[in-house]
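> Numbering (our numbering), first residue to last: 49 to 172.
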Ligand SMILES: [Zn+2]
């Protein structure tokens with residue numbers, strides 16, 4: 049089967065760990081910022097695209113996003129442990145290395161990712 053060699057897979061471990069460290073710091077910052085937002089001045093004034101751009105909702109959305117990437121990083125580390133890193137978890141095709149360089153936590157190839165986003169493929 050076309051897959052990355054074990055040493056090739058292991059190369060991504062420190063990259064993912066660095067990512068996690070970065071994300072942890074970012075999340076801490078985001079959570080702090082979310083706590084500082086005054087709830088009374090929330091987004092309920094109907095001006096969602098106001099100049100503030102700092103609504104609690106927006107902030108929580110960012111946190112959710114980052115949390116999801118953290119989870120994806122952990123799953124990627126598990127895939128390295130299981131020696132299946134670098135292949136799409138849906139169709140088992142190789143994920144192009146260029147994609148892995150940009151998003152080392154990529155779980156799916158571009159084709160499957162698109163299908164999942166369109167709801168044509170169930171990632172589970
Ligand atoms: Zn795929």
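Ideal Cβ placement from N, Cα and C applies to all residues, glycine included. Note that the structure is predicted; figures quoted are calculated from it, not measured.
1. Near residue 135, which residues of its chain fall below 7 Å by C-beta distance, leaving aside the five closest residues on each side in sequence?
2. Runs of 4 residues minimum, wholly inside the region 55-137: which ones carry the alpha helix (DSSP H) assignment?
3. Does the Cβ of residue 134 lie closer than 8 Å to at least one heavy atom of ligand 1?
4. Have a look at residue 71 and residue 126 and give me their C-alpha separation to the nearest angstrom.
5. Which residue or residues does DSSP assign as beta-bridge partners of residue 142?
6. Measure how close the beta-carbons of residue 110 and residue 78 come, nearest whole angstrom, since I'm counting them as under 8 Å.
Concretely, from the data shown:
1. For this step, residue 135 is matched to residue 87 along the chain shown. The residues are 51, 141, 142, 143.
2. 60-84, 104-129
3. The count along the chain shown starts at 1 and reaches residue 134 at position 86. No; taking the cut-off as 8 Å, the Cβ of residue 134 has no heavy atom of ligand 1 nearer than that.
4. Taking the first residue of the chain shown as position 1, residue 71 is located at position 23. Taking the first residue of the chain shown as position 1, residue 126 is located at position 78. Using only the alpha carbons, I get a separation of about 18 Å.
5. The residue given as residue 142 occupies position 94 in the chain shown. BP columns for residue 142 point to 135.
6. Working through the chain shown from its first residue, we reach residue 110 at position 62. Working through the chain shown from its first residue, we reach residue 78 at position 30. With 8 Å as the limit, residue 110 and residue 78 qualify as a contact, their Cβ atoms being about 5 Å apart.
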